[in-house]
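Undergrad: Encoded as structure tokens, here's the structure I'll be asking about.
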Amino acid sequence: ILNTIYSPQLMKYLASILLSVGFLPLSAQEIVINTNNTALVLRVDKDKRVYQTHLGKRLMHENEYALLPQMGEVCISNGNGNYFEPAFHFTNSKGNETVILKYVSHQVKKSDGNSTETVVLLTDSVRQNSVRLFYKAYPKENVIVTHSEIINNDKKPIALKKYASSMLHFRAQDYYLTQFNGDWAAEASITESKLGFGKKMIDSNLGTRANMFASPFFLLSLDKQADENNGQAILGTLGWTGNFRFTFEKDHENKLRVISGINPFNSEYQLKAGETFVTPEFIFTYSDEGTGKASRNLHNWARKYRVKDGEGDRLTLLNNWEATFFDFNEKKIVDLISEAKSLGLDMFLLDDGWFGNKHPRNDDKAGLGDWQPNKKKLPNGIKALTDAAKQQGVKFGLWIEPEMINPKSELMEKHPNWVVAWNDRERYYFRNQLVLDLSNPEVQNYVYDIVDGLLTTCPDIAYFKWDCNSPLTNIYSNYEKEHQSHLFVDYVKGLYKVLDRLKAKYPKIPMMLCSGGGGRTDYEALRYFTEFWASDNTDPIDRLYIQWGFSHIFPAKTICAHVTEWNRKVDLKFKVDVAMMGKMGFDLNFSTLPKADADFCKNAVKAYNGFKDIIFKGDLYRLVSPYSNTHTATMYVDEAQKRAVVFAFDIFPRYSTAESTRLKLQGLQANKMYKVKEINRYDGKDIEVGTFSGDYLMTVGMKAFSEHRLQSRI
825 ILNTIYSPQL MKYLASILLS VGFLPLSAQE IVINTNNTAL VLRVDKDKRV
875 YQTHLGKRLM HENEYALLPQ MGEVCISNGN GNYFEPAFHF TNSKGNETVI
925 LKYVSHQVKK SDGNSTETVV LLTDSVRQNS VRLFYKAYPK ENVIVTHSEI
975 INNDKKPIAL KKYASSMLHF RAQDYYLTQF NGDWAAEASI TESKLGFGKK
1025 MIDSNLGTRA NMFASPFFLL SLDKQADENN GQAILGTLGW TGNFRFTFEK
1075 DHENKLRVIS GINPFNSEYQ LKAGETFVTP EFIFTYSDEG TGKASRNLHN
1125 WARKYRVKDG EGDRLTLLNN WEATFFDFNE KKIVDLISEA KSLGLDMFLL
1175 DDGWFGNKHP RNDDKAGLGD WQPNKKKLPN GIKALTDAAK QQGVKFGLWI
1225 EPEMINPKSE LMEKHPNWVV AWNDRERYYF RNQLVLDLSN PEVQNYVYDI
1275 VDGLLTTCPD IAYFKWDCNS PLTNIYSNYE KEHQSHLFVD YVKGLYKVLD
1325 RLKAKYPKIP MMLCSGGGGR TDYEALRYFT EFWASDNTDP IDRLYIQWGF
1375 SHIFPAKTIC AHVTEWNRKV DLKFKVDVAM MGKMGFDLNF STLPKADADF
1425 CKNAVKAYNG FKDIIFKGDL YRLVSPYSNT HTATMYVDEA QKRAVVFAFD
1475 IFPRYSTAES TRLKLQGLQA NKMYKVKEIN RYDGKDIEVG TFSGDYLMTV
1525 GMKAFSEHRL QSRI
């Protein structure tokens, strides 16, 4: 009957039957949050509690959402009769921990671009505490961004013990979690597991370098393990440059709740009367076409709405770090600036070691905090270098680590209370440094003045690499004396205040987000940074895995990839091809390279400039995973589906696998003809492969691999 005589009247009739048997609550009200392909549906039941009823594929007929059963409250709070992990836990001045949040109202309004924002107001009528839930839906990108605001309408402070950004409910046969773990030099390693009964948490307690071990994003597959092109997948990430927690709780009825937000560990927050606490944004997308589609959704959203200059170009660069480390002078740097010019690169980046006089920065044990050019190394200061770069016709960038301090520094001598550190016991130093206390407004001003001072005295500085090597250690704030548990939250808020001021005054300056490698990779920081340093590990084999992991969440133009001397067993072409899959740079001393290698790099820069627009703006297709350990391949296709670039790598192929494995492409127009050629060859000659239909390339495929180890082709 439904297939043949569907009508609104019929649906009302069916709904009345379901109501009569108690399947639907009386006077239920649906709140539908739509993208083009996805719907998140909330229901206000008869006692004014708000439940989620659907998250998944958007239905053609919106009134059919009334037929769906309720799953769980949109924000379970402590003591409200629900026995599972709460999203919110507040304590009032009398020690009362029960909060029951009920629907008051909701409104829908247009937001940035074509997005629509739904705001739901919930209130505890006894305690007068309120929560606003925000859901911003981006139709074309199929992304939903949610956060919450907690409002203390009481006359006395309340203690926030848990304050989630999001709580989502799922009902499926099975659940599979993909997490992105790692360490220094092993970031974004993929681990997959099936979720069983109980709780699984992914979290961080590290403060500044928050995702040194666990990344603030995940992939959830419903019913079965999703692959690149098939299955239901949720990609989720928290926009917060600090401690985070994702809690996955599967119950006895096989239902799953996912709570996302700031990690409440050691972070109880006192909210004064009349104050509002705003949680960070949880950003997610749903795909019923596999993980590849989910990634493309996030990439398109990020470039358009979130990443600083997300739709702009990126600068290729030469970094001096591995060429000189701390041992350089003005002449060496000027010579390297000339090398950047000869290679056809856009910029030269001066890394660590340029500052400190009383305590010169000749190693990592001194100087952090004293941001004056070292007179012995750079007698004419930074301006002499920016002038040299300007004369060569390249831009000049500079490494800074303004949140950190060495105990051996003038800053430590002048302001010992500015650091996060105990005063009554021996201190622990990570990389010989401590963290400045950015919860303190005086420290915020100091950090702002570092960058502002450099740009004021040297206005031709065109780029910053902003590093952050140490997690928060020796946890004690001389500023947060009354509320030490505020430190982890207020530190991040303080960082954002500094970055907001810098962005307001210098809106166009690009910056690289770095944290001892990929220790900070989140979409709130990327409001201020154009790109991030994925890892200090530039071994091209390891980078295939690291960049593959990060590609699930972040577009290629945000992932910095440099060609270095790491792993000398791999040839230069392989290294360059790996770096071309992101925002390419070099960290080599070209004066020591054979002429043929230097010439290849020059030609590679030209080739990259010819197709990087496809990588920066196009759709990503992960064709073959490096976790096969034999081959891997990645493809980018421009929006018009007229141009594409394919990267193919032989890792450790087994006998005959290259001959039997044809690479099937994706994202092309089946009825169009494509001319295929191999480019960026070491001999400098492009090779015409042939002309094929998109249908042939996607159905039959092409030969792209070899039986030889550690070879690559584009």
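Numbers given in the working numbering equal positions in the sequence shown, counted from 1, plus 824.
Idealized CB from N, CA, C, for every residue including glycine.
#1: Determine the DSSP secondary structure at VAL967, reduced to helix, strand or coil.
#2: In terms of residues, what are the limits of the alpha helix (DSSP H) holding GLN997?
#3: Who are the Cβ neighbours of SER1536 in its own chain at under 8 angstroms, not counting the five residues just before and after it?
#4: Could you spell out where the alpha helix (DSSP H) holding GLN1216 opens and where it closes?
#5: Around the C-beta of MET1025, are 16 or more other C-beta atoms found within 10 angstroms, so that it is buried, or is it exposed?
#6: Assuming LYS1117 is part of the alpha helix (DSSP H), what are its boundary residues?
#7: Roughly how many whole angstroms lie between the Cα atoms of TYR1330 and TYR1287?
#8: Would LEU1122 and LEU1142 be called neighbours here (beta carbons separated by less than 8 angstroms)?
#9: Unbroken beta strand (DSSP E) runs of length 3 or more, entirely within the stretch 1313 to 1371: which are they?
#10: Measure the C-alpha to C-alpha separation of LEU1492 and ARG882 and round it to an integer number of angstroms.
#11: Quick one: which unbroken alpha helix (DSSP H) runs of 4-plus residues sit fully inside the stretch 1165 to 1199? Chain order, please.
#12: Any idea which residues DSSP pairs ASP1443 with across the strands?
#13: Would you grab the beta carbon distance between THR1515 and MET1526 for me? Rounded to a whole angstrom, and I think it's under 8 angstroms.
#14: Any idea if ASP936 is buried or exposed, counting beta-carbon neighbours within 10 angstroms, 16 or more meaning buried?
#15: How big is the Cα-Cα spacing for TYR1253 and HIS1239?
#16: Would you report the Cα separation of ASP1395 and MET1408, rounded to the nearest angstrom?
#17: Less than 8 angstroms between the beta carbons of LEU1044 and TYR959, yes or no?
#18: Just mark PRO1379 as buried or exposed, buried being the case when its beta carbon has 16 or more other beta carbons within 10 Å.
#19: Give me the Cα-Cα distance between ARG1069 and ASN1087, rounded to the nearest whole angstrom.
#20: Return yes when the Cβ of ARG1344 is within less than 8 angstroms of the Cβ of ALA1034, no when it is not.
#21: Classify THR1515 as helix, strand or coil using the three-state DSSP reduction.
#22: Using alpha carbons as the reference points, say which of GLY1060, ARG1120, MET1336 lies closest to TYR1460.
#23: Roughly how far, in whole angstroms, is the beta-carbon of ALA1010 from the beta-carbon of ASN1269, given that I think they are within contact range, below 8 angstroms?
#24: For GLY1180, does the count of other Cβ atoms within 10 angstroms reach 16, so buried, or fall short, so exposed?
#25: Is PRO1203 buried or exposed, if buried means 16 or more other CB atoms sit within 10 Å of its CB?
#26: Please name the residue, chosen from ALA996, VAL1102, ALA961, that lies closest to LEU984 on a Cα-to-Cα basis.
#27: Could you pull the start and end residues of the beta strand (DSSP E) that TRP1290 belongs to?
#28: With DSSP as the reference, label THR1523 as helix, strand or coil.
#29: Alpha carbon to alpha carbon, what distance is there between TYR1303 and THR1297?
#30: Could you compute how far the alpha carbon of LEU848 sits from the alpha carbon of ALA1494?
#31: At which residues does the beta strand (DSSP E) containing LEU1141 begin and terminate?
#32: Can you tell me which of the three DSSP states MET1236 falls into?
#33: For HIS930, which beta-bridge partners are listed by DSSP?
#34: At what residues does the beta strand (DSSP E) containing TYR1451 begin and finish?
#35: Sort out for me which residues DSSP pairs VAL874 with in a bridge.
#36: Leaving out the 5 sequence neighbours to the left and right, which residues in its chain are closer than 8 angstroms to LEU1521 when beta-carbon positions are compared?
TA: Taking the structure as given:
#1: The residue you call residue 967 lines up with position 143 of the sequence shown. In this structure, VAL967 counts as strand in the three-state DSSP scheme.
#2: Taking the first residue of the sequence shown as 1, we reach residue 997 at position 173. Per DSSP, GLN997 belongs to no alpha helix (DSSP H) and is neither H nor E.
#3: Along the sequence shown, one-based indexing puts residue 1536 at 712. Only LYS1397, PHE1398, ASP1401, VAL1402, PHE1471, ALA1472, PHE1473, ASP1474 meet the Cβ criterion.
#4: Start at 1 with the first residue of the sequence shown, and residue 1216 comes out as number 392. That run of the alpha helix (DSSP H) goes 1205 to 1216.
#5: Against the sequence shown, residue 1025 aligns to sequence position 201. Label assigned to MET1025: exposed.
#6: Residue numbering aside, residue 1117 sits at position 293 when the sequence shown is read from its first letter. Looking at the DSSP string, the run of the alpha helix (DSSP H) that includes LYS1117 is 1114 to 1125.
#7: For the purposes of this step, residue 1330 is taken as the residue at position 506 of the sequence shown. For the purposes of this step, residue 1287 is taken as the residue at position 463 of the sequence shown. Approximately 11 angstroms between the Cα atoms of the pair.
#8: By 1-based counting over the sequence shown, the position of residue 1122 is 298. By 1-based counting over the sequence shown, the position of residue 1142 is 318. Not closer than 8 angstroms, so no.
#9: 1335 to 1337, 1355 to 1357
#10: If you number the sequence shown from 1, residue 1492 lands on position 668. If you number the sequence shown from 1, residue 882 lands on position 58. In a straight line, the C-alpha of LEU1492 is about 26 angstroms away from that of ARG882.
#11: The stretch 1165 to 1199 contains no complete alpha helix (DSSP H) run of 4 or more residues.
#12: As a first step, residue 1443 is located in the sequence shown; it is residue number 619 there, counting from the start. VAL1461, per the DSSP bridge assignment.
#13: For the purposes of this step, residue 1515 is taken as residue 691 along the sequence shown, with counting starting at 1. For the purposes of this step, residue 1526 is taken as residue 702 along the sequence shown, with counting starting at 1. With 8 angstroms as the limit, THR1515 and MET1526 do not qualify as a contact, their Cβ atoms being about 12 angstroms apart.
#14: Residue 936 sits at position 112 when you count from the first residue of the sequence shown. Per the 10 Å Cβ criterion, exposed.
#15: If you number the sequence shown from 1, residue 1253 lands on position 429. If you number the sequence shown from 1, residue 1239 lands on position 415. C-alpha separation (whole angstroms): 18 angstroms.
#16: Reading the sequence shown from its first residue, position 571 is the one you call residue 1395. Reading the sequence shown from its first residue, position 584 is the one you call residue 1408. Between ASP1395 and MET1408, the C-alpha separation is close to 17 angstroms.
#17: Start at 1 with the first residue of the sequence shown, and residue 1044 comes out as number 220. Start at 1 with the first residue of the sequence shown, and residue 959 comes out as number 135. Taking 8 angstroms as the Cβ cut-off, LEU1044 and TYR959 do not qualify as a contacting pair.
#18: Locating residue 1379 in the sequence shown gives position 555, where the first residue counts as 1. Answer is buried; the Cβ neighbour count reaches 16.
#19: Working through the sequence shown from its first residue, we reach residue 1069 at position 245. Working through the sequence shown from its first residue, we reach residue 1087 at position 263. Looking at the two C-alpha atoms, the distance is approximately 5 angstroms.
#20: Sequence index remark: in the sequence shown, residue 1034 carries index 210 (1-based). Sequence index remark: in the sequence shown, residue 1344 carries index 520 (1-based). Contact annotation: ALA1034 and ARG1344 have beta-carbon atoms nearer than 8 angstroms.
#21: Start at 1 with the first residue of the sequence shown, and residue 1515 comes out as number 691. Reduced to three states, the DSSP call for THR1515 is strand.
#22: In the sequence shown, residue 1460 corresponds to position 636, counting from 1. TYR1460 has its Cα closest to that of ARG1120, out of GLY1060, ARG1120, MET1336.
#23: By one-based count along the sequence shown, residue 1010 stands at place 186. By one-based count along the sequence shown, residue 1269 stands at place 445. About 37 angstroms separates the two Cβ atoms, so there is no contact after all.
#24: Along the sequence shown, one-based indexing puts residue 1180 at 356. It counts as buried.
#25: Start at 1 with the first residue of the sequence shown, and residue 1203 comes out as number 379. Exposed, because fewer than 16 other Cβ atoms sit within 10 Å of the Cβ of PRO1203.
#26: Numbered from its first residue, the sequence shown carries residue 984 at position 160. Minimum Cα distance to LEU984 is reached at VAL1102.
#27: Numbered from its first residue, the sequence shown carries residue 1290 at position 466. Note, TRP1290: beta strand (DSSP E), 1285 to 1290.
#28: The residue you call residue 1523 lines up with position 699 of the sequence shown. Three-state result, THR1523: helix.
#29: Start at 1 with the first residue of the sequence shown, and residue 1297 comes out as number 473. Start at 1 with the first residue of the sequence shown, and residue 1303 comes out as number 479. Approximately 16 angstroms, taken between the alpha carbons.
#30: Mapped onto the sequence shown, residue 848 falls at position 24. Mapped onto the sequence shown, residue 1494 falls at position 670. Confidence at LEU848 is low in this model, with a pLDDT of 46, below 50, so the placement of that residue should be treated as unreliable; the coordinate-derived value is given next. Each residue's Cα considered, the two are about 46 angstroms apart.
#31: On the sequence shown, position 317 is the one that residue 1141 refers to. Taken as a continuous stretch (DSSP letters only), the beta strand (DSSP E) holding LEU1141 covers 1141 to 1143.
#32: As a working mapping, residue 1236 is identified with position 412 in the sequence shown. Three-state DSSP puts MET1236 in a helix.
#33: Here residue 930 corresponds to residue number 106 of the sequence shown, with the count starting at 1. Partner(s): VAL944.
#34: Sequence index remark: in the sequence shown, residue 1451 carries index 627 (1-based). Careful: TYR1451 lies outside any beta strand (DSSP E) and carries neither H nor E.
#35: Translated into positions along the sequence shown, residue 874 becomes position 50. Answer by DSSP bridge pairing, in chain order: VAL868.
#36: Position 697 of the sequence shown, counting from 1, holds the residue named residue 1521. Correct list, in chain order: LYS1488, LEU1489, LEU1492, TYR1498, VAL1500.
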